[in-house]
Amino acid sequence: MPQPTLCVITPNPALDRILIAPELRLGAVRRVAETRVAAGGKGLNVARAAKAIGTPAVVCTPLGGLTGQQVAWLAAQEGVYIHTVAIAGETRVCTLIVDPATGEVTVLNEVGPHLSDREWSAFTGRVLDIAAEWYLICGSLPPGPPPSALAELIATLHQQGRRVMVDTSGAALKAAVEVKPAVVKVNGEELGALLEMSITSVADAQHAVLKLHQRGIEVVVVTLGAYGAVGIDDHDRVIATPPQIPVRNPIGCGDTFFAGLANAFSNGHNLAAALRIATACAAADAQTLAPGAVDRATAQALLDHVAISYW
Numbered sequence: 006m007p008q009p010t011l012c013v014i015t016p017n018p019a020l021d022r023i024l025i026a027p028e029l030r031l032g033a034v035r036r037v038a039e040t041r042v043a044a045g046g047k048g049l050n051v052a053r054a055a056k057a058i059g060t061p062a063v064v065c066t067p068l069g070g071l072t073g074q075q076v077a078w079l080a081a082q083e084g085v086y087i088h089t090v091a092i093a094g095e096t097r098v099c100t101l102i103v104d105p106a107t108g109e110v111t112v113l114n115e116v117g118p119h120l121s122d123r124e125w126s127a128f129t130g131r132v133l134d135i136a137a138e139w140y141l142i143c144g145s146l147p148p149g150p151p152p153s154a155l156a157e158l159i160a161t162l163h164q165q166g167r168r169v170m171v172d173t174s175g176a177a178l179k180a181a182v183e184v185k186p187a188v189v190k191v192n193g194e195e196l197g198a199l200l201e202m203s204i205t206s207v208a209d210a211q212h213a214v215l216k217l218h219q220r221g222i223e224v225v226v227v228t229l230g231a232y233g234a235v236g237i238d239d240h241d242r243v244i245a246t247p248p249q250i251p252v253r254n255p256i257g258c259g260d261t262f263f264a265g266l267a268n269a270f271s272n273g274h275n276l277a278a279a280l281r282i283a284t285a286c287a288a289a290d291a292q293t294l295a296p297g298a299v300d301r302a303t304a305q306a307l308l309d310h311v312a313i314s315y316w
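Sequential numbering of the sequence shown, starting at 6, is according to my numbering.
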């Protein structure tokens, strides 16, 4: 493939099983109306969305076992470029259960296989071999590597003059912000946990992104589901509010938002334009079943319906 715009770093990929189960009840027997499988984990969702909106991307990820082989095969079938590092453990399976009667989505995420020091070193070495404009760190760390290992990878990328965007959570997010990636994109729950504060409103989100920006993060964006997104950089403070849409599956919309954000920044857009593009992409994705399966024409049509305001 030509040099990718995005290197999508995915430490903990998954095989996603998406089940449509009407009137789901715990403890009861129900027939599944529809089943889909897809290469999953945040990074695969991001790469799928990036491809859909025309941004060349390559995924770098550790895969193991028969499940890992299936993930690689599914990615190839979609035309998603993937660089893999073989590991001894079995790649995890994540199950998404959608109840169309209520609109509720239940997600069962396996933890993931343990990565040895050797496997983590091989994985990060593969990342550093890839030349790209932006490096996107997506999702959780698997068992094995400590959060500091992620910070070390970001620091090494910085030393080589490479720009990094981060979408992770918990201890990995805490370690990542210490080395100041160029862009941090998180949801309200993740940012609230990082800053030890409750984010229940747009006003809370404004306070939180300002607080993190003051730590030296160039761009901070927090997504708030149906309420949109709040962002800040050295020039602007922006709120993007999505239009009301029919939602089929909200899972993965944050990943599509991240892909849209990376697409916008790689094309030189400012923060307001980037949030508009990312929000339109996420809204389009919410109307599909598979995470990251955004329709480019739908996203384009939604652009003018995203409201932008400043604070």
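From the three backbone atoms N, C-alpha and C, an ideal C-beta is built for every residue, glycine too.
Under the rule that 16 or more other beta-carbon atoms within 10 Å means buried, what is residue i, buried or exposed?
i    : result
E170 : In the sequence as displayed, the identity of residue 170 is Met instead of Glu. Result: buried.
T331 : Limits of the chain in this structure are 6 at one end and 316 at the other, which puts residue 331 out of reach.
R41  : exposed
V184 : buried
A43  : buried
Y140 : buried
W316 : exposed
W78  : exposed
R167 : buried
S121 : exposed
D172 : buried
R220 : exposed
E109 : exposed
N50  : buried
T107 : exposed
N272 : exposed
P296 : buried
E39  : exposed
A288 : buried
T284 : buried
A245 : buried
P151 : exposed
P67  : buried
L276 : buried
L71  : exposed
G48  : buried
S174 : buried
A137 : buried
D238 : buried
A81  : exposed
At which residues does the beta strand (DSSP E) containing residue i begin and terminate?
i    : result
E109 : E109 to N114
G236 : A234 to I237
A245 : R242 to T246
R97  : R97 to D104
A312 : A312 to Y315
Looking at the strands, I want to know which residues DSSP matches up with residue i.
i    : result
W139 : L11 and R168
E39  : I25
P67  : V90
A44  : L20
A62  : L11
Taking the alpha helix (DSSP H) that residue i belongs to, which residues open and close that run?
i    : result
D122 : D122 to L133
D290 : L276 to D290
L266 : C258 to S271
A57  : K47 to A57
L294 : Where L294 is concerned, there is no enclosing alpha helix (DSSP H), given that its DSSP letter is neither H nor E.
L307 : R301 to L307
When the cut-off is 9 Å and only beta carbons count, does residue i lie next to chain D?
i   : result
R30 : Going by chain labels, chain D is absent from the structure shown, which holds only one protein chain.
Report whether the distance from the Cβ of residue i to the nearest heavy atom of the ligand ATP is below 8 Å.
i   : result
L49 : This structure simply doesn't include the ligand ATP, nor any ligand for that matter.
Specify whether the region 276-295 and the region 227-244 touch according to this definition: at least 3 beta carbon pairs, one from each stretch, less than 8 Å apart.
-> The region 276-295 vs the region 227-244: in contact.
Runs of beta strand (DSSP E) lying entirely within the region 146-229, each at least 3 residues, in chain order
168-172, 188-192 and 224-228
Would you check if the region 96-105 and the region 16-27 touch, i.e. whether three or more CB-CB distances between them fall below 8 Å? yes
Query raised in the report: Counting pairs of Cβ atoms below 8 Å between the region 48-59 and the region 264-275, do you hit three or more?
Result: yes
Are the region 198-205 and the region 250-258 in contact at 8 Å, needing three or more beta carbon pairs? Three or more beta-carbon pairs separated by less than 8 Å are not found between the region 198-205 and the region 250-258, which leaves the two stretches without contact.
Evaluate the contact criterion for the region 24-39 versus the region 62-75: three or more CB pairs, one atom per stretch, below 8 Å. no
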